[in-house]
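Residue 23 in the numbering used here sits at position 20 of the sequence shown, and the numbers go up by one each step.
These notes concern the structure reproduced below.
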Amino acid sequence: MIHAQFDPTARQQLTIAAVEAKTRKDLSWQQIADTTGLSVAFVTAALLGQHPLPKDAAHAVGEVLGLDEDAVLLLQTVPMRGSIDGGIPTDPTIYRFYEMLQVYGTTLKALVHEQFGDGIISAINFKLDVQKVADPDGGERAVITLDGKYLPTKPF
4 MIHAQFDPTA RQQLTIAAVE AKTRKDLSWQ QIADTTGLSV AFVTAALLGQ HPLPKDAAHA
64 VGEVLGLDED AVLLLQTVPM RGSIDGGIPT DPTIYRFYEM LQVYGTTLKA LVHEQFGDGI
124 ISAINFKLDV QKVADPDGGE RAVITLDGKY LPTKPF
């Protein structure tokens with residue numbers, strides 16, 4: 004049976020334990036995800052408290068990180084999503100995404116509506132990918148792909 008969490012802090016201690024175990028065992032997010040058969044973005048989000056893991060994946064993660072059965076069970080619960088406590092984020096990396104949406108949010112909205120009509124891009128039927136690529140001008144660039152299903156607004 005699927006259970007839901009209603010306490011937004013319920014998974015904070017689990018997240019701390021998971022990240023500490025990851026660090027202690029010198030594992031990458033990809034290495035952890037590889038034990039589950041799920042994407043690195045989804046497993047990382049789950050361990051940071053944003054998604055439930057399927058039972059088999061939760062057990063695989065629990066085994067690789069050395070988590071107890073209570074933690075494995077908690078990994079399977081539907082969390083209260085949304086990790087940014089009210090206001091403007093202060094972490095520099097997260098703030099840059101906030102800034103990007105401040106600058107390009109209305110542009111994204113205009114282009115989505117022009118190409119698809121009135122509706123939204125799902126964050127439930129969604130895939131996320133982050134790739135590091137060489138910058139022809141030197142250094143590196145981040146290519147971030149947000150791949151969500153379009154859901155039209157339905158008049159009723």
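Every residue, glycine too, gets a C-beta built ideally from N, C-alpha and C.
Check, Outcome
"Residue environment, residue 75, which counts as buried when at least 16 other CB atoms sit within 10 Å", "buried"
"CA-to-CA distance, residue 83 to residue 111, given in whole angstroms", "26 Å"
"Cα-Cα separation between residue 34 and residue 9, rounded to whole angstroms", "30 Å"
"Residue 99 in three-state terms, based on DSSP", "helix"
"Spatial distance of residue 70 from residue 16 (CA atoms)", "12 Å"
"Neighbour-count burial assignment, residue 61, 16 or more Cβ in a 10 Å radius", "buried"
"Backbone CA spacing between residue 53 and residue 85 [nearest angstrom]", "7 Å"
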